[in-house]
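Residue 242 in the working numbering sits at position 228 of the sequence shown; the count goes up by one each step and never skips.
A short write-up of the structure that comes next.
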Amino acid sequence: MLTLDDLLRQITDPSGREIFDPATGATVGRAPMGSTADVDSAVARARLAQVAWAARTDEDRADLLVRAAAAVESAAEPLAELLTREQGKPLNGANARFEVAGSVAWLRATAGTALPDETVFDDGVIHAQLNYRPIGVVGAIGPWNWPMMITVWQIAPALRMGNSVVVKPSEYTPLSVLALVKIINGVLPEDVLVPITGNGEVGSRLARHADVGKIMFTGSTATGRNVIHDSADSVKRLTLELGGNDAGIVLPDVDPSAVANEIFWGAFINAGQTCAALKRLYVHDDVYEAVCTELIRVAKETPMGNGLEEASLLGPVQNRRQFDKVRSLVDSARAAGARVLVGGNPDLEAPGNFYPVTLVADVDNDNPLVSEEQFGPALPIVRYRHLDDAIEMANALDVGLGASVWGSDVDAARRVAARLEAGTVWINAHGSVHPMIPFGGIKQSGYGLEFGVEGLKSVSVPQVISARH
Ligand code: NDP
Numbered sequence: 015m016l017t018l019d020d021l022l023r024q025i026t027d028p029s030g031r032e033i034f035d036p037a038t039g040a041t042v043g044r045a046p047m048g049s050t051a052d053v054d055s056a057v058a059r060a061r062l063a064q065v066a067w068a069a070r071t072d073e074d075r076a077d078l079l080v081r082a083a084a085a086v087e088s089a090a091e092p093l094a095e096l097l098t099r100e101q102g103k104p105l106n107g108a109n110a111r112f113e114v115a116g117s118v119a120w121l122r123a124t125a126g127t128a129l130p131d132e133t134v135f136d137d138g139v140i141h142a143q144l145n146y147r148p149i150g151v152v153g154a155i156g157p158w159n160w161p162m163m164i165t166v167w168q169i170a171p172a173l174r175m176g177n178s179v180v181v182k183p184s185e186y187t188p189l190s191v192l193a194l195v196k197i198i199n200g201v202l203p204e205d206v207l208v209p210i211t212g213n214g215e216v217g218s219r220l221a222r223h224a225d226v227g228k229i230m231f232t233g234s235t236a237t238g239r240n241v242i243h244d245s246a247d248s249v250k251r252l253t254l255e256l257g258g259n260d261a262g263i264v265l266p267d268v269d270p271s272a273v274a275n276e277i278f279w280g281a282f283i284n285a286g287q288t289c290a291a292l293k294r295l296y297v298h299d300d301v302y303e304a305v306c307t308e309l310i311r312v313a314k315e316t317p318m319g320n321g322l323e324e325a326s327l328l329g330p331v332q333n334r335r336q337f338d339k340v341r342s343l344v345d346s347a348r349a350a351g352a353r354v355l356v357g358g359n360p361d362l363e364a365p366g367n368f369y370p371v372t373l374v375a376d377v378d379n380d381n382p383l384v385s386e387e388q389f390g391p392a393l394p395i396v397r398y399r400h401l402d403d404a405i406e407m408a409n410a411l412d413v414g415l416g417a418s419v420w421g422s423d424v425d426a427a428r429r430v431a432a433r434l435e436a437g438t439v440w441i442n443a444h445g446s447v448h449p450m451i452p453f454g455g456i457k458q459s460g461y462g463l464e465f466g467v468e469g470l471k472s473v474s475v476p477q478v479i480s481a482r483h
């Protein structure tokens with residue numbers, strides 16, 4: 015049985031950078047610090063390996079992804095433990111074990127999804143076929159909130175389509191990704207999947223590299239813009255999953271006790287550190303107090319603590335920078351007259367980055383807690399009277415990843431959903447994703463779709479072969 019210590023021994027570098035547990039401040043391990051020179055050698059290796067990888071049959075690549083899924087599954091417990099220690103998310107709930115299981119599920123689903131060549135035209139004279147070819151080397155740059163799952167979202171379709179991949183994890187959570195890649199590489203041919211570590215400069219070098227044909231990037235909108243600039247000279251293909259500030263609109267016909275749990279977890283999954291989490295809630299005046307009361311109830315019932323404790327369902331904020339951001343947004347909302355219903359009072363002397371679940375009512379729509387992405391455990395709840403106003407407020411920002419509508423009449427909710435500017439609108443749910451349902455943002459939340467057949471198309475290049483009969 016592989017243990018966490020075995021895993022750490024395989025991936026840590028004794029002279030590397032210390033990685034700290036956000037729950038305790040203790041050292042988890044030491045991550046190698048890569049350089050821009052390492053990017054160049056990683057890309058060169060991946061480029062060489064890609065030729066043989068692309069020459070394999072599609073079935074062969076799919077089979078290797080299935081075997082990779084089995085390998086990750088058999089190392090699930092130490093991987094989950096590492097994720098808890100490095101990222102902070104608890105083992106239980108929709109957290110570390112869930113993330114590892116999701117990584118397995120996405121590897122399997124990607125193996126099971128095909129993108130066959132299509133005949134797009136045939137009039138008896140001309141036969142035109144659309145084939146999906148590999149791009150070559152794909153660069154995968156990821157964030158620290160769902161490090162393993164997002165890595166799989168980026169690498170699995172790219173590998174399936176015959177690309178090789180160079181992966182650069184966030185500096186905050188490199189060990190989780192290095193461990194995952196180590197396990198997957200136990201079944202893949204050498205250099206088809208090459209990890210590199212390092213800071214933004216390393217990511218930037220990957221985005222600029224002339225031999226990288228595509229970047230799959232998940233992170234902030236600011237860094238996404240840098241990736242666009244860096245990749246322009248080589249006219250790279252890009253999939254950008256950037257920041258969001260998802261709105262939820264609660265209609266007056268809602269049953270507050272029926273939706274409170276879903277709204278709560280839509281907002282507080284992974285302590286709010288989720289791209290498509292519910293980040294601002296617009297509630298009709300008729301049900302405003304009832305919805306607040308129900309959310310307070312769920313918040314008080316939900317245990318937060320060290321993620322290694324089986325009872326914990328909420329963990330710390332992953333890093334101090336993000337903790338300070340959440341704290342300052344809540345403090346300024348309170349100073350502006352908003353009503354803190356629960357939370358908002360972190361113990362600054364205690365170890366770890368624990369910020370309590372915080373609900374903030376009677377907050378103005380132009381308050382920074384509403385208009386900026388908090389990316390942490392604090393939810394602003396804005397009151398509205400007219401639906402048109404709620405829709406206008408929801409659409410007012412320059413991001414559009416997800417949104418949700420909550421109400422008893424699903425047809426009425428659908429009509430509201432159609433007016434919202436977001437890549438996905440959920441009804442009576444928020445943030446749920448599925449390997450066969452395309453996912454992506456609009457506006458400054460990015461472009462390109464992941465998952466399912468659309469996800470495979472985005473890591474390939476279309477080629478038309480047009481032949482005379
Ligand atoms: P960042 O944008 O800071 O970092 C993302 C990744 O980009 C990291 O690996 C980072 O490396 C790397 N990077 C930094 N600078 C550059 C550069 N110039 N060129 C290339 N790569 C670079 O995001 P965070 O990790 O802080 O994640 C939080 C943000 O990401 C939130 O705003 C959130 O909304 C968004 N996000 C969006 C998701 C989505 O699907 N839309 C999902 C998850 C998060 P390093 O860490 O080493 O600096």
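Ideal placement from N, C-alpha and C gives every residue a C-beta, glycine not left out.
Measure the CB-CB distance between residue i and residue j and report whether it falls below 8 Å.
i: A408; j: L373; result: no
i: A45; j: L220; result: no
i: L16; j: P104; result: no
i: R174; j: R70; result: no
i: N284; j: T38; result: no
i: E458; j: L292; result: Looking at the sequence provided, one finds Gln at residue 458 rather than Glu. Contact flag unset, no.
i: L265; j: A110; result: no
i: V180; j: G212; result: no
i: G421; j: T438; result: no
i: G258; j: A290; result: yes
i: A60; j: V208; result: yes
i: N145; j: I479; result: yes
i: N177; j: G200; result: no
i: R222; j: D205; result: no
i: I441; j: V467; result: no
i: A436; j: D260; result: yes
i: P148; j: A68; result: yes
Helix, strand or coil, according to DSSP, for residue i in the structure here?
i: E32; result: strand
i: R70; result: coil
i: N145; result: strand
i: H298; result: strand
i: T38; result: coil
i: Q477; result: strand
i: T237; result: helix
i: G460; result: strand
i: R399; result: coil
i: G48; result: coil
i: A443; result: coil
i: L79; result: helix
i: D260; result: strand
From the options, pick the residue whose C-alpha is nearest to that of residue i; which is it?
i: D376; options: V396, T71 and V80; result: V396
i: S271; options: G238, L362 and V312; result: V312
i: W158; options: F389, D402 and A443; result: F389
i: L401; options: T50, M450, S480 and H298; result: H298
i: P130; options: N240, A142 and D72; result: D72
i: W160; options: M47, T288 and T50; result: T288
i: Y461; options: A56, F231 and E215; result: F231
i: R23; options: G43, P36 and R31; result: G43
i: D247; options: G233, T237 and G227; result: G227
Just to confirm the assignment, what range does the alpha helix (DSSP H) spanning residue i have?
i: L309; result: Y302 to E315
i: I210; result: Neither: I210 is in no alpha helix (DSSP H) and is coded neither H nor E.
i: M162; result: P161 to R174
i: I277; result: P270 to F282
i: K103; result: Looking at the DSSP string, K103 is not in any alpha helix (DSSP H), and its letter there is neither H nor E.
i: F337; result: R334 to A349
i: A193; result: P188 to N199
i: V430; result: V424 to A431
i: V384; result: P382 to S385
Just confirm the distance between the C-beta atoms of residue i and residue j, as a whole number of angstroms; I'd bet it's less than 8 Å.
i: T253; j: E464; result: 7 Å
i: K182; j: G217; result: 5 Å
i: I263; j: V419; result: 5 Å
i: T41; j: L79; result: Actually they do not touch by this definition, with Cβ atoms about 34 Å apart.
i: L383; j: A347; result: 4 Å
i: I210; j: G469; result: The Cβ separation is near 23 Å, so there is no contact.
Where do the N-terminal and C-terminal ends of the beta strand (DSSP E) with residue i fall, by residue?
i: V139; result: Looking at the DSSP string, V139 is not in any beta strand (DSSP E), and its letter there is neither H nor E.
i: W420; result: G416 to W420
i: W120; result: Element bounds for W120: not the beta strand (DSSP E) but the alpha helix (DSSP H), A110 to A125.
i: L373; result: T372 to A375
i: A154; result: V151 to I155
i: A355; result: In the sequence on display, residue 355 carries Leu and not Ala. R353 to V356 is the span of the beta strand (DSSP E), which, as asked, contains L355.
i: D27; result: D27 -> no beta strand (DSSP E), and no H or E assigned at all.
i: E255; result: R251 to E255
Can a CB atom of chain C be found closer than 8 Å to the CB of residue i?
i: G280; result: In the structure shown, chain C does not exist; there is a single protein chain.
Would you say residue i touches the ligand SAM, meaning its beta carbon is less than 7 Å from a heavy atom?
i: F389; result: This structure lacks the ligand SAM; its bound ligands are the ligand NDP.
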